[in-house]
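Q: In the UniProt record's numbering, the protein residues as written are 1 to 83. C-beta: ideal position from N, C-alpha, C; glycine also.
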């Protein structure tokens with residue numbers, strides 16, 4: 001069986017040594033609101049009654065925010081000159 005979005009999210013959190021506060025701030029970089037209680041539900045074991053599945057949109061927004069967090073915002077593109 002492959003990795004779930006929850007597994008990927010957990011591995012990224014550990015690899016980058018992120019706290020729940022860090023993750024909330026990273027998600028805010030892409031205007032994605034997430035609460036600490038939602039994160040707690042995502043990081044629970046699958047059989048737990050408060051477990052929540054990490055959806056594709058949730059993981060995508062986190063990854064977009066993580067890129068900005070690690071690299072910085074994308075630089076402005078210069079307009080092509082028409083000569």
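Where does residue 29 fall in DSSP's three states?
A: Residue state, collapsed to three classes: coil.
Q: Beta carbon of residue 87, beta carbon of residue 61: below 8 Å?
A: The shown model of the chain, from 1 to 83, leaves out residue 87, and the question about it has no answer.
Q: So what's residue 36 in DSSP terms, helix, strand or just coil?
A: The answer is helix: DSSP assigns residue 36 an H, G or I state.
Q: Quick one: using the 10 Å Cβ neighbour count with 16 as the cut-off for buried, is residue 26 buried or exposed?
A: With 16 or more other Cβ atoms within 10 Å, it is buried.
Q: Assign residue 119 to one of two classes, buried (16 or more other C-beta atoms within 10 Å of its C-beta) or exposed (fewer than that).
A: No information on residue 119 is available, as it lies outside the stretch 1 to 83 that the chain covers here.
Q: Taking the straight line between their C-alpha atoms, what separation do you get for residue 52 and residue 73?
A: Going from the Cα of residue 52 to the Cα of residue 73 covers about 30 Å.
Q: Ordered along the chain, which non-local residues of its own chain (more than five positions away) have a Cβ less than 6 Å from that of residue 36?
A: Here the set comprises 20.
Q: So which of 2, 23, 3 has the shortest CA-CA distance to residue 67?
A: Nearest option by C-alpha distance: 23.
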